[in-house]
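Read in order, the letters of the sequence shown are residues 1 to 775 in our numbering. Quick reminder that beta carbons are idealized off the backbone N, C-alpha and C, glycines included.
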Amino acid sequence: MALIYQFRRLAFAQVLLGIVAFCLAAQNPGMLLAAGSLGALAWYVTEGPNGRPLPRWLTNLGALGAVSWMLVELFWHGVQQPVDMVVAMGHFTMWLQILLLYSEKTNREYAQILVLSVLQMIAASVLSVSMVYGLFLAAYCVLALVTVLLFHFKSTSDRVLAMNRRAAPNPAWASRPTPVIGRGHRWHFRFMAAVVGLLCMAVAMAVFVVTPRSDDAQNPITARDAGGRSEAGFSEHVDTRTSAGSRASREPVLNISVSLHDTNVGNENRTWLLRGAALDQYNVDSHQWTRSRAAQNYDHYLTLPDNGLALADLPDNTPMLEAHITLRQIGHNALFAIHPPTTVQSDSLSDIKFNPLDQQLASQGASGALVYSLRWPSFPPGDLAGRYREKLVENSRARLVSSPARDREAFERFQNDYARGWVSQHQRIARYTRDLLAKHNLERDPDAPYTADDAEIARVLTEHLRDEFRYALDNPTVARHEDPIVEFLFNHRQGHCELFASALAAMTRSIGMQARVVTGYVASEYNRIGGYYIVRQRNAHAWTEIHAGPEQGWRTFDPTAPAELAAEHRVASSWWATLWQLYDHAEFAWIRSVVAFDHRSRESVIEGMQDSLEGAADDKATWTGQVWAFLRNLPDIWRLDRVSYTVAGLIIIAIGICLGYLARLLVIRRQRLVALQLTALPRAKRRGLARRLRFYLTMLDMLDRHGYVRPSWQSPFSFAQELAEANPMRFDPVVSLTELFYEIRFGHRELDHNRRQRITAHLKQLEHALANPRG
């Protein structure tokens with residue numbers, strides 16, 4: 001009965017743990033509150049003092065409701081991504097489990113509960129790559145293993161009970177069988193569960209090392225928020241009417257470390273802008289910045305070789321910075337880079353898309369965690385766009401998507417007109433910009449493609465926006481017929497970074513310059529423990545890139561006030577922040593070592609193991625080196641053939657079994673000495689007393705088989721007295737045997753013929769009482 005009751009509790013705990021893990025993976029705290037509360041209440045409703053299961057018709061009605069819920073999620077809301085179907089199926093299995101917890105449960109219902117719980121964890125594993133979820137999954141596997149073993153005991157006990165009732169003259173006389181495993185059956189059960197668990201863990205680790213994750217086996221699910229929508233933060237377009245107040249999630253997006261000549265150059269006082277999308281077209285009707293279709297015509301589809309791909313040829317003495325990026329969430333195809341990238345390398349990607357015109361990088365349908373490296377010049381040359389195109393056209397792996405990209409003259413002609421000109425109240429913004437420049441003794445011919453003052457003009461306009469406009473998380477509300485950028489410049493003079501970037505682009509383009517709005521992230525949160533930056537969804541940002549002439553090319557200008565931007569992305573410095581950094585570093589190690597485990601990681605692990613073994617073999621002074629050298633030279637010493645290897649393997653397995661059995665005997669012997677209270681005696685006196693007191697162990701075995709186990713903290717007499725008080729007629733022999741135990745153990749009495757007869761009689765009486773509880 002104790003094992004059956006324990007199974008019911010563990011099954012209930014397994015369901016609750018699965019619900020918590022799924023809601024954590026789906027990032028849905030509301031569902032966790034509702035489903036977790038209903039699940040926890042089920043134990044009191046069905047197993048409490050006055051507990052009663054719900055009637056069958058009510059649970060069937062609830063099952064129909066669960067089916068209806070799933071149909072609504074699938075067909076009413078629509079399945080836009082595979083994640084929608086996974087979430088809907090997870091919700092369905094969750095409600096079915098809760099209904100089964102409230103129903104009358106036979107072995108069939110318990111089997112359904114366990115299967116549904118496993119299916120729900122599979123769905124959760126598809127949704128999340130979080131380290132916290134990984135810990136929940138590990139705990140769930142251990143709990144599920146023990147629960148399944150107990151369920152096997154319960155189902156076997158139920159079958160035997162049913163057979164006994166059919167065979168008994170009166171079914172009421174049949175009692176539930178108890179497992180006969182010997183004394184310490186709980187220890188045996190735990191030992192078996194531990195062995196099975198360790199074997200499963202070893203197999204899982206071996207499979208993990210042998211089969212790395214690759215771009216062909218990535219997780220097909222993208223990051224989602226609690227409501228099932230795509231992640232907030234970075235966007236591949238800019239809507240100047242919306243606010244950024246919802247972008248407050250601390251969910252990590254990527255990790256980046258930056259180095260120069262293999263020296264880490266990251267610190268708390270340095271920030272980096274990671275560009276994801278370059279937007280060159282503004283729509284006056286929708287008030288959105290997008291990437292024009294004409295610019296997309298110059299996208300190149302490239303295959304990444306193992307040693308990386310050069311996107312442009314630069315002089316050998318060019319100072320190059322390098323970034324290692326782990327992209328932890330993907331809800332889009334953009335690859336974030338520090339402008340302008342010239343070399344790309346990745347084991348997680350086999351194909352990428354690159355545009356020489358706007359230097360935008362993108363993956364080709366990859367998902368899950370991605371790891372890639374980038375290199376870029378610290379002082380980019382002005383003709384970099386031409387270098388990009390020449391290198392890509394020469395590259396035999398490049399496949400251009402449209403014929404204009406093959407025409408060099410067409411490319412140069414479009415390059416001169418790209419991201420130029422303004423459409424919304426052009427004259428008003430141009431006049432405002434010229435008046436502002438005149439105060440700094442600057443002017444510009446709007447028909448000139450480039451001037452020597454373009455960089456200075458961009459700097460002056462950037463400083464003006466920083467000094468005279470106020471940064472705010474919420475963009476001001478504008479009338480439907482008004483343009484948000486015009487209202488920002490002439491009326492409200494406050495807004496989010498997207499309005500600042502849009503205003504700078506509008507002002508420079510109104511006087512004939514080339515400018516584009518760029519969206520991405522600002523990397524400012526530096527993790528001192530790991531030596532890298534953590535970029536979160538809340539770090540989404542927008543800025544402007546302006547062409548400063550043939551000698552300087554495209555340069556980055558951020559019109560948002562640095563102090564206000566730093567205040568928004570500031571990280572508190574306290575002991576809690578240090579602990580949070582430690583947690584972030586542990587989760588990043590999980591992503592890098594587990595989620596993003598690829599062929600390169602596998603090769604590093606195998607090479608490290610080989611180097612360790614070879615190093616140990618070379619160091620003959622250590623015992624490990626001597627053992628490894630002996631094993632490595634064993635075939636040459638013995639000249640073993642295939643049959644000899646088989647025999648040797650069998651001998652090794654037999655030796656291992658014998659050693660395990662010997663260890664088990666030693667553990668059992670230790671437990672017996674503890675039960676007989678002989679551990680404090682000298683070794684010489686233990687053997688004789690152990691032989692004379694063997695009857696007490698026999699008694700404990702008989703009681704243990706029927707569920708009466710003496711706790712390690714309880715004395716033998718107190719245990720016997722407690723049993724006798726509960727049922728004197730049944731457990732009087734226990735008291736008599738315990739008194740004999742005390743006489744021999746502590747009274748130094750001999751085990752004579754009289755005492756042997758009394759012990760035999762008491763043991764038979766106890767065996768009869770335990771076998772016939774009603775007799």
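Residue 45 holds the alpha-carbon nearest to the alpha-carbon of residue 12 among 45, 24, 478.
Apart from sequence neighbours up to five positions away, the residues of its chain that approach residue 549 with a beta-carbon distance below 6 Å are 450, 454, ordered along the chain.
Here DSSP, grouped into helix, strand and coil, assigns residue 677 to coil. Three or more beta-carbon pairs separated by less than 8 Å are not found between the stretch 516-528 and the stretch 464-472, which leaves the two stretches without contact. Residue 533 is not a Cβ neighbour of residue 333, given a cutoff of 8 Å. Assignment of beta strand (DSSP E) within the stretch 291-329, counting only whole runs of 3 or more residues, yields 300-303, 320-327 in chain order. Per the coordinates, the alpha-carbon of residue 236 lies some 49 Å from the alpha-carbon of residue 103. When the Cα atoms are used, residue 197 and residue 137 turn out to be separated by approximately 14 Å. For residue 93, the three-state secondary structure derived from DSSP is helix. Contact annotation: residue 530 and residue 496 have beta-carbon atoms that are not nearer than 8 Å. Cβ-Cβ separation between residue 48 and residue 99: approximately 18 Å, too far for a contact (criterion under 8 Å). The Cβ atoms of residue 374 and residue 338 sit closer than 8 Å to each other.
According to the DSSP assignment, residue 515 belongs to the beta strand (DSSP E) that extends over 515-523. Sequence-distant partners of residue 433 (beyond 5 residues in either direction) whose C-beta falls short of 8 Å from its own C-beta, in its chain, are 461, 507, 508, 510, 511. When DSSP states are grouped into helix, strand and coil, residue 426 belongs to the helix group. Following the DSSP letters along the chain, one finds residue 443 in no beta strand (DSSP E), marked with neither H nor E. DSSP places residue 166 inside the alpha helix (DSSP H), whose first and last residues are 131-167. Considering only 294, 344, 292, the residue with the shortest C-alpha distance to residue 309 is 344.
If you draw a straight line from the Cα of residue 271 to the Cα of residue 535, it comes to about 11 Å. Classified as buried, residue 702 has 16 or more neighbouring CB atoms from the shown chains inside 10 Å of its CB. Contact between the stretch 113-120 and the stretch 28-38 is not established, with fewer than three Cβ pairs separated by less than 8 Å. Counting along the chain, residue 484 sits inside the alpha helix (DSSP H) bounded by residues 484-487. At a Cβ-Cβ threshold of 8 Å, residue 346 and residue 370 count as neighbours. Listed as beta-bridge partners of residue 554 by DSSP are 547. Look at residue 542 here: in three-state DSSP terms it is strand.
Around residue 415, the same chain offers 357, 385 as residues with beta carbons nearer than 7 Å, after the five sequence neighbours per side are excluded. Following the DSSP letters along the chain, one finds residue 358 in no beta strand (DSSP E), marked with neither H nor E. Residue 27 sits in coil when the DSSP states are folded into three classes, being neither helix nor strand. In the DSSP assignment, residue 289 is bridged to 238, 282. In the DSSP annotation of this structure, the continuous segment of the beta strand (DSSP E) that includes residue 376 starts and ends at 370-377. For residue 264, the pairing in a beta bridge is given by DSSP as 259. Between residue 471 and residue 545, the CB-CB gap reaches or exceeds 8 Å. When DSSP states are grouped into helix, strand and coil, residue 418 belongs to the coil group. Rounded to whole angstroms, the gap between the alpha carbons of residue 305 and residue 363 is 15 Å. A residue is called buried when at least 16 other Cβ atoms come within 10 angstroms of its Cβ; residue 154 meets this threshold and is buried.
Excluding five sequence positions before and after residue 735, the CB atoms of its chain that fall closer than 6 Å to its own CB belong to 720, 724, given in chain order.
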